[in-house]
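Here's the structure we're looking at; comments come further down.
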Amino acid sequence: MRLNGVQRLLETGLIVSTAAAIFTLCALISFDPADPAWTQAGEFIKVNNITGAAGAWVADILLLSFGWLAFLVPAAMQLFGYLIFKKPHKLLQLDYTTLGLRVIGATLFVASASTISSINFDDIYTFSSGGVVGDIVAGAMMPAFNFTGTSILLLCFFFAGITLLTGVSWVEAVDYLGEKVVNLIRFLFFKFKERQTGAVPAGSNVEDKKIVDESSIDNIPTSASTEVAELRRRENERAHNAVGAHKMPSLDAVQENTLEELPQTTKPLKLKDKLFSAVGRKQEQKAVVEPAIEPNFSTSQNELGDPVSSDVFDELDQILEQEINFSAIDDESLDTVAALNALDDAAVKEEPVTKVVSPARPLKHNQPNTEPKPAYQTPPSAKEQFEALLEAEPPTDPLPSLDLLDRPDKAKNPITKEELETVSRLVEVKLLDFNIQAAVVGVYPGPVVTRFELDLAPGIKVAKITGLAKDLARSLSAVSVRVVEVIPGKTYVGLELPNKNREIVRLSEVINAPKFEQNASPLTMVLGKDIAGEPVVADLAKMPHLLVAGTTGSGKSVGVNVMILSLLYKSPPEDVRMIMIDPKMLELSVYEGIPHLLCEVVTDMKEAANALRWCVGEMERRYKLMSALGVRNLKGYNQKVITAKEAGHPILDPLFKDTDGMADGPEELDKLPSIVVVIDEFADMMMIVGKKVEELIARIAQKARAAGIHLVLATQRPSVDVITGLIKANIPTRMAFQVSSKIDSRTILDQQGAENLLGMGDMLYLPPGTSVPSRVHGAFVDDHEVHAVVNDWKARGKPNYIEDILCGEATEEILLPGEQAEVGDEESDPLYDEAVAFVIETGKVSVSSVQRKLRVGYNRAARLVEQMEMSGVVSAPGHNGAREVLVPKGGAN
């Protein structure tokens, strides 16, 4: 395979760094003080350095600067080039704390090593052994600490620098050397004992894998070998009776096989035999449930009949534990044992031997747990939590840190090119089965789905492929297949297939994207990743309202949390304030207490109606302010107010009216934040409060964009009685998660496609000003991440609630500005006679016509029409909802 452009540059850089290291090493090795260099001048005919005059200069400068330490420079150059050009991705994963410690360690290492060379070693030609660096440090330290003190300090700096630079633990190094020395002493001890007694203790020869030659086997008497076999058989039976029902079948099988093969020979324990014994112990630990009883080997004998004490077995077991890690034995170890057995059997195919198995031991994991249990700690009281919150210092950063979010832990591009090529050919073959000739011209793998762009043959309509979506899913063994009929800017058709291994898109990997960080809008939100794996960022100010819908479990609530956290990571409370309405009392209640809230999280739907009514009043107030200042939107208003304050001429409130006579004068205008109203389940709110909510939402959606008030509506019931035409007409931006039918998809997006989504964050995002939705896999945020960000904002400040938002009588009747409440008999309504006259005059009756004529709210017009029905002026609604006027024209009193 050929390298691409970046790979060519990296590999060329690696070659250059390697050549530079070799050049420097050759220059240092062949240095000649008579060559012309920086410290040597004159006329020279011949240069003795094998790298020429340039190499002589390089070697002269390095030796002058570092002395003997200069010979480490080529190794450092090669290591640096390897990190830069061979492993460039490591640079993106640098921990800057560790990097700083490495720089400090390298400085200490160079300075201390050069100084030690300068005061201890002989000079190199005319250069100091420690170079200029060593001479300077030595000259500064020697007068103050003398030779002994300077040496102690330099050794301290030397070993500390190596630790900071490489991360080597000197304590672990000493422990490792001590362990090897102890093992060597034990090995020599057993060798000495073997020569003294002529016996081979079990497990003593760990590294020796020599095979007994034929002469030694022939010299063993048959009677002695028979006696040894009989003793081992008795010992095996004794161990079997002691262990009980939970025995070690692998060890017994080994004993029987070895006795049947050749009971006349003995040999030292081989490495493969120890592994086999270790595997047997591992299998016993997996099979045994109750603790096994350790057999008594105090009276056992070795192969030559000498008594062996239990202390010897304990020593042997300790050696085996040091050489073989029993807890690390797995299936791969079993394969290793089989391979070793095959090699050893091939080596001694005519010399079978008796295998020595170490005694059984009690299982450690079945021993009773003697560790003390932690004492129960009572949770802190509310007072203690409040005091701890007061004592805690608020964060200094203006916005929360990304360390509060979980980091992604997955490999990039898990799908190989070969797999994509195979699936592409399969797609072409399956389409050809349905008489559709198409060629795959582009493949875009994403975190959840992969899009294949198809170039259709002339004369094939896109509708033919759309109708075959389910047949293609069946033939391709996929859960669902989505056909993208139009790809903006291309003449191809898209076919989206789900991936085998689904990735989780973490919020942390999309919220630090340049698209989000560099966007100046305070209402910037992240949504997730698109088909190509690129972050998708949206601006709520341009939407200006968002409708989110999807079935239960499709990821709708997680998507809302991601958008809220995006706002919390983007803007402080001075720029964005929020009103959260949570009928389910589960999803948004976690944000209670953050300084962005204008009021408490609303869970009572009657208070929710008051909150929406307050938004309408705030919208009207802002429009009056902007009209008085001559600006068109909230951005222009804030800019004009801030500019006037900076100029020293603040703008006074033009809407000031001294109604109570208590105010001294109008107040100065200040910056107004954007207001985001988040309703998690507005279908429940409409069911509880009534259709009046629809009018309030429609009124806010129609006019609130310029006033800086934005709606985020979410529902899990995408039906036409919830997502009405009035709401859809004023909220052009939609976000559809997985739904159950094409009807629900059309209700949300005005087109089908959402029924083929995969759920768990998979969505179709319809931006404003377009009719082509884009497929996005929403980011995932866990509950503990939400709590971490919320607690971070709580530590920064307390919320400043506006009591007027939720105050007022909680009645089902919601009054728009300018309306009056109806009390008592509807005929006492001053507009009743006017409404009756209008109906009789026109000969037609409908709630909307009365509403338009009298300029009243929907509920009031409906009550007037119902009272006309009770009075006999109009008839009851028919099957189509129409009413008839029963009083002829001119018959009214």
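Numbering-wise (full-length UniProt numbering), the sequence shown opens with residue 1 and increments by one.
Using N, Cα and C, we set each Cβ at its ideal position, and we do this for glycine too.
#### Entry: Cβ distance (whole Å) where GLU587 is taken to contact SER554 below 8 Å
Indexing the sequence shown from 1 puts residue 587 at position 587. Indexing the sequence shown from 1 puts residue 554 at position 554. That belief does not hold up - the Cβ atoms of GLU587 and SER554 are roughly 14 Å apart, past 8 Å.
(Q) Checking the sheet assignment: what are the DSSP bridge partners for ILE723? (A) The residue labelled residue 723 in the question sits at position 723 within the sequence shown. DSSP lists no partner for ILE723.
If you follow the beta strand (DSSP E) that PRO445 is part of, which residue opens it and which one closes it?
-> Here the question's residue 445 lines up with position 445 in the sequence shown. Counting along the chain, the beta strand (DSSP E) containing PRO445 begins and ends at 438-445.
Buried or exposed for GLN851, please, with buried defined as at least 16 other CB atoms from any protein chain shown within 10 angstroms of its CB.
Start at 1 with the first residue of the sequence shown, and residue 851 comes out as number 851. Result: buried.
| In chain order, which beta strand (DSSP E) runs of at least 3 residues are fully inside the segment 677-734? | 709-715
What does the alpha-carbon distance come out to for the pair VAL885 and MET868?
One-based indexing of the sequence shown puts residue 885 at position 885. One-based indexing of the sequence shown puts residue 868 at position 868. Using only the alpha carbons, I get a separation of about 9 Å.
(message) I need the boundaries of the alpha helix (DSSP H) containing LEU546, first residue and last residue.
(response) Numbered from 1 along the sequence shown, position 546 holds the residue referred to as residue 546. Element bounds for LEU546: not the alpha helix (DSSP H) but the beta strand (DSSP E), 546-549.
* Beta-carbon proximity of MET543 to PRO732, cut-off 9 Å -> The residue labelled residue 543 in the question sits at position 543 within the sequence shown. The residue labelled residue 732 in the question sits at position 732 within the sequence shown. Yes, these two residues count as a Cβ contact at 9 Å.
Pick from ALA21, ILE84, LEU831 and SER871 that is closest to LYS853, judged by C-alpha positions
Within the sequence shown, numbered from 1, the residue matching residue 853 stands at position 853. Checking every option, the nearest Cα to that of LYS853 belongs to LEU831.
Item to complete: Take TYR637 as the anchor and find which of ASN756, CYS615 and LEU669 has the nearest alpha-carbon.
Response: For the purposes of this step, residue 637 is identified with residue 637 of the sequence shown, where counting begins at 1. Nearest C-alpha to TYR637: LEU669.
Three Cβ pairs or more, each shorter than 8 Å: is that satisfied between the segment 787-797 and the segment 764-776? no
Check the C-beta distance from residue 906 over to GLY161 and give it rounded, since I have them as a contact under 8 Å.
The structure shown does not extend to residue 906, since the chain spans only 1 to 893, so no value can be given for it.
Residues of its chain near ASN633, where Cβ-Cβ distance is below 6 Å and the 5 sequence neighbours each way are ignored
In the sequence shown, residue 633 corresponds to position 633, counting from 1. So the qualifying residues of the chain are ALA706.
| What number of angstroms, rounded off, separates the C-alpha of ILE531 from the C-alpha of MET760? | For this step, residue 531 is matched to residue 531 along the sequence shown. For this step, residue 760 is matched to residue 760 along the sequence shown. Those two C-alpha atoms are separated by around 16 Å.
Handout entry: Rounded separation between LYS657 and ASP664 - CA only
Key = Your numbering for residue 657 matches position 657 in the sequence shown. Your numbering for residue 664 matches position 664 in the sequence shown. Rounded to whole angstroms, LYS657 to ASP664 spans 11 Å at the Cα level.
| Where ARG883 and SER875 are concerned, what is the direct C-alpha to C-alpha distance, given to the nearest angstrom? | Against the sequence shown, residue 883 aligns to sequence position 883. Against the sequence shown, residue 875 aligns to sequence position 875. Rounded to whole angstroms, ARG883 to SER875 spans 6 Å at the Cα level.
- Run of the alpha helix (DSSP H) containing GLY593, from where it starts to where it stops: Along the sequence shown, read from residue 1 onward, the residue named residue 593 stands at position 593. Looking at the DSSP string, GLY593 is not in any alpha helix (DSSP H), and its letter there is neither H nor E.
In this structure, what does DSSP give as the bridge partners for ILE61?
Numbered from its first residue, the sequence shown carries residue 61 at position 61. In DSSP, ILE61 forms no bridge with anything.
Review point. Can you tell which of GLU841, PRO877 and GLU866 has its C-alpha closest to the C-alpha of ASP829?
Key: On the sequence shown, residue 829 is found 829 positions in, with the first residue counted as 1. It is GLU866 whose Cα lies nearest to the Cα of ASP829.
Item checked: Residues bridged to THR524 (per DSSP) -> Within the sequence shown, numbered from 1, the residue matching residue 524 stands at position 524. Partner(s): ASP539.
Cβ-based burial, MET585 [other Cβ within 10 Å; buried from 16]
Position 585 of the sequence shown, counted from the start, is the residue given in the question as residue 585. It is exposed - the Cβ of MET585 has fewer than 16 other Cβ atoms within 10 Å.
Q.
Does the segment 450-467 come into contact with the segment 479-489, if we say contact requires no fewer than three beta-carbon pairs (one atom in each stretch) closer than 8 Å?
A. yes
Rounded to a whole number of angstroms, what is the C-alpha to C-alpha distance between ILE802 and MET578? As a position in the sequence shown, residue 802 is number 802, starting the count at 1. As a position in the sequence shown, residue 578 is number 578, starting the count at 1. So the two alpha carbons sit approximately 12 Å from each other.
* Asked: Mind checking LEU188: buried by the 16 CB within 10 Å criterion, or exposed?
  -> Reading the sequence shown from its first residue, position 188 is the one you call residue 188. Exposed, since its Cβ has fewer than 16 Cβ neighbours within 10 Å.
Does the segment 18-34 come within contact of the segment 70-90, defined as at least 3 CB pairs closer than 8 Å?
-> yes
- Could you check what DSSP says for PRO458 in three-state terms: helix, strand or coil? In the sequence shown, the residue the question calls residue 458 occupies position 458. In this structure, PRO458 counts as coil in the three-state DSSP scheme.
Please report the distance separating the alpha-carbon of GLY769 from that of MET735. Numbered from its first residue, the sequence shown carries residue 769 at position 769. Numbered from its first residue, the sequence shown carries residue 735 at position 735. The alpha-carbon atoms of GLY769 and MET735 are separated by roughly 14 Å.
Would you check if the distance between the CB atom of TRP57 and the CB atom of ALA37 is smaller than 9 Å? Residue mapping note: residue 57 aligns to position 57 of the sequence shown, counting from 1. Residue mapping note: residue 37 aligns to position 37 of the sequence shown, counting from 1. Yes, the pair counts as a contact, with Cβ atoms nearer than the cut-off.
My output table needs one value for SER846: the three-state DSSP class, helix, strand or coil. For this step, residue 846 is matched to residue 846 along the sequence shown. Note: SER846 maps to coil in three-state DSSP.
Query raised in the report: In three-state DSSP terms, what is LYS606?
Result: Here residue 606 refers to the residue found at position 606 of the sequence shown. In this structure, LYS606 counts as helix in the three-state DSSP scheme.
Practice item. Please classify GLU371: is it buried, with 16 or more other beta-carbons within 10 angstroms of its beta-carbon, or exposed? Key: Locating residue 371 in the sequence shown gives position 371, where the first residue counts as 1. Legend: pLDDT at GLU371 = 45, less than 50; position of this residue unreliable, no value from coordinates given.
DSSP three-state call for ILE50: helix, strand or coil? On the sequence shown, residue 50 is found 50 positions in, with the first residue counted as 1. DSSP places ILE50 in coil when its eight states are reduced to three.
Practice prompt. With DSSP as the reference, label PRO888 as helix, strand or coil.
Written response: Along the sequence shown, read from residue 1 onward, the residue named residue 888 stands at position 888. Of the three classes helix, strand and coil, the one that applies to PRO888 here is coil, per DSSP.
- Spatial neighbours of PRO877 in its chain, beta-carbon cut-off 6 Å, leaving aside the 5 residues before and after: In the sequence shown, the residue the question calls residue 877 occupies position 877. Around PRO877: ARG883.
Q. Nearest CA to the CA of ARG102: which residue from LEU164, LYS193 and ARG699?
A. In the sequence shown, the residue the question calls residue 102 occupies position 102. Comparing Cα-Cα distances from ARG102 to each of LEU164, LYS193 and ARG699, the minimum goes to LEU164.
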